[in-house]
Amino acid sequence: MAFILKYSPECVKSELELFNLPGTQTVIQDGQWKQISGSAEDYIDLSQTQLYVKAKIVKVDNTPITKDDTIGPVNLFLHSLFSQVDVSLNDCVVSNSNNTYPYRSYIETLLNHGYDSKTSQLTAELFYKDSDDSLKKRTEFFKESATVDMIGCIHSDLFHQDRLLLNLVDLKIKLIRSKPEFCLQGSEGFKVVLDHVSLFIRKVRVNPGVILGHAKALEKTSAKYSINRVLCKVYSIPKGSMSFIQDNIFSGQMPKKLFVGCVDNEAFHGAFSKSPYEFKHFNLNFIGVYVDGQPVPHNPLELDFSKDQYIRAYQTLFVRTDRMGQDRGIFISRKEYKDSITLFGFNLSPDLCSSGEHLSLIKHSNLRLELKFSKSLEQTVCVIVFAEFANLIEINKSRNILYDFGNERMDGMQMYTVLSQEKTTSPYFQGVYSRDTLPPLQENMCAIVNSDDSSQPGTHWLALFVNDKRELEFYDSFGQPPVFYNTSTTTYLDVLWNSKVFQSPTSNV
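At the far end of the sequence shown sits residue 1499, using this note's numbering, and the numbering has no gaps.
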């Protein structure tokens, strides 16, 4: 089943826009970067937000390290310092990295940047492409416990989109530290001291007429932020295994694209002697992704790394990052791919353009991952699944935060608990029902109804409300018309669906 994201109109792709010129902006009058102050009067340019850190490496007894000590920072040290980054708008968490923030940051850095940025601006985050001397380059900065400053953009969903954050919205970012054995590499007995951490925010002064226009628009609708939501999942494959099958990696909304890689289990959980970012092939000879039992976007890849037969897997990195056939690389050589950057990409979007400005139909299915190895694993391995989804965050006139994340499903009891306690809905809320158990409707009643009968697992939830004029209104977060009626609903001739009037609830017109 496929859905159009709520409020998203059908569109023509840019390559067919033959008769238009780019617009000229006149609404933003000025902008500047400021250290965060908590002010809520201006709009915020989230895409330009930067994390600034001063750090040093010391011994566990807080004495400085010496030239004889063997210790240094792992790659992309700015982001490796933090295991989790949570972003909240008005105390509503809209992005949670679940202890996988370093891996999200590293994979995005690897695949979204080429030679120019990796050898220049990304060194400000202490990224040096892994090589024989990369650890030495990073270690040089910290000799004798020197304080090193780093700066870079935050790897979180909201900060990867261009729309300005409305005024009067509180932005909070929670940073949780990584263990020393994860972010440091070398001998044991050392730790990281953070001398300073700050966030630089670019606040934007907007034309007053535009602000007034936004306020009027918010009376009728909400501000909408289309995001590429990243979700990372980790699975463990025991030592001695030769295969791995995981059903329902994602059940519900399907991702636009998927990347899969394997790392050593000890390195993933933190080991001074190992790099956490060494994605090895572990003699993998088969990898397949299946949606509802069908292989996507192609038949499973069959590989033989011992004979250097892996070129199709290497090519997936360019296809899945929309770089295929373009003069835009990712600065990962064929040999580096085999040795330490073995990632597998899967683009699940229908037009293979997962990073374009348009949206694709949202599909709800079950996704399965299958791996096979030519030899038994010599150690426990962690499989890291990096998935990107098209989602929507909304802010209404009261600055309430709304979102619809398809993979964080609420069951009937969870919805009942929330809605029965919510002060705006509790006076009218009757309960959560399957389509065949919905009770007779009455005035000033609201309920949540599933499109399935009680004998089925439950496919899709809708909300309905009967006002004091006995008008029945359906609301569907995916913008789909109501697909069911029973004797309780067919008696209502005045039916609204997402504010659109139905002449007849049984004819859908």
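Glycine is no exception: its CB is placed at the ideal position from the N, C-alpha and C atoms.
Residue i - containing beta strand (DSSP E), residue span
i     : result
A1453 : W1451 to V1456
P1285 : Q1284 to E1292
F1249 : K1247 to D1254
F1234 : S1233 to Q1243
I1331 : First-last for I1331: undefined, no H or E at that position.
R1153 : Here R1153 belongs to no beta strand (DSSP E), and DSSP marks it neither H nor E.
M1435 : M1435 to N1440
L1392 : I1391 to Y1393
E1384 : V1371 to I1385
R1219 : A1213 to I1227
R1167 : L1161 to R1167
Q1420 : F1419 to S1424
Closest Cα partner of residue i within the set the options
i     : options                       : result
F1395 : R1389, E1378 and P1228        : E1378
L1307 : F1249, P1287 and D1341        : F1249
D1147 : D1298, T1039 and Y1304        : T1039
H1103 : T1311, P1245 and P1054        : T1311
A1205 : F1336, N1255, S1388 and H1069 : S1388
V1187 : Y1418, H1069 and F1180        : H1069
S1500 : Q1236, F1295 and S1330        : Since the first residue of the chain shown is 991 and the last is 1499, residue 1500 is not available in this structure.
V1183 : L1202, A1136, S1416 and G1199 : A1136
L1382 : P1430, S1212, E1268 and L1101 : S1212
L1431 : C1143, R1460 and L1452        : R1460
S1095 : K1127, I1144, F1131 and I1047 : I1144
V1253 : D1237, P1228, F1276 and F1072 : P1228
Cutoff 6 angstroms; reference residue i; Cβ partners in own chain excluding five residues on either side
i     : result
D1139 : K1044
Y1300 : L1293
L1079 : V1159 and I1391
S1366 : G1230 and M1232
V1281 : S1355 and L1357
G1319 : G1104
T1477 : Only weak support is given to the placement of T1477: the predicted model assigns it a pLDDT of 49, under 50, and the value that follows is read from those uncertain coordinates. Same-chain partners within the cutoff: there are none.
G1335 : F1249, T1306, L1307 and R1310
D1458 : E1433 and N1434
Span of the alpha helix (DSSP H) around residue i
i     : result
V1200 : P1198 to L1208
E1171 : P1170 to C1173
Reduced DSSP secondary structure (H/G/I, E/B, other) of residue i
i     : result
V1309 : helix
F1262 : coil
F1321 : coil
Y1304 : helix
K1297 : helix
F1272 : coil
E968  : Because the chain spans 991 through 1499 in this model, residue 968 falls outside it and cannot be assessed.
V1017 : Its pLDDT being 45, under 50, V1017 is placed unreliably in this model, and the value from its coordinates should be taken loosely. Coil, per DSSP.
L1148 : helix
E1326 : helix
L1189 : strand
L1351 : coil
L1409 : helix
I1026 : Interpretation of I1026 is limited by its pLDDT of 46, a score under 50 that renders its predicted location unreliable; no figure is taken from the coordinates.
T1427 : coil
D1032 : coil
Close-in-space but distant-in-sequence residues of the same chain around residue i (CB under 8 angstroms, 5 per side omitted)
i     : result
N1397 : Low local confidence applies: a pLDDT of 45 at N1397 is under 50, so the model's placement there is unreliable, and no value is given.
Q1151 : L1036, S1037, Y1215, S1216, I1217 and N1218
D1081 : D1160 and K1162
E1134 : P1054, I1055, T1056 and K1057
S1085 : V1075, D1076, V1077, S1146, D1147, L1148 and R1219
Y1042 : D1139, M1140, I1141, H1186, V1187, S1188, L1189 and F1190
Y1418 : N1434, M1435, C1436 and F1455
V1375 : C1222, K1223, V1224, Y1225, I1239, L1248, F1249, V1250 and L1359
Spatial neighbours of residue i in its chain, beta-carbon cut-off 7 angstroms, leaving aside the 5 residues before and after
i     : result
D1032 : N1157, K1193, V1194 and R1195
G1176 : T1060, I1061, G1062 and F1262
F1009 : Reliability fails at F1009, whose pLDDT of 47 lies under 50, so the model's placement of it is uncertain and no value is given.
T1099 : L1066, L1112 and F1117
K1049 : I1055, G1179 and F1180
Min CB distance residue i to chain C below 8 angstroms
i     : result
P1245 : Here there is only one protein chain, and chain C is not present.
Next on the checklist: To test your reading of the DSSP string, which unbroken alpha helix (DSSP H) runs of 4 or more residues are found completely within the region 1117-1146?
Outcome noted: Qualifying alpha helix (DSSP H) stretches, in chain order: 1124-1131.
Item to check | Runs of alpha helix (DSSP H) wholly within the region 1036-1118 (minimum 4 residues, chain order) | outcome: Taken in chain order, the whole alpha helix (DSSP H) runs of length 4 or more contained in the region 1036-1118 are 1067-1070, 1091-1102 and 1105-1108.
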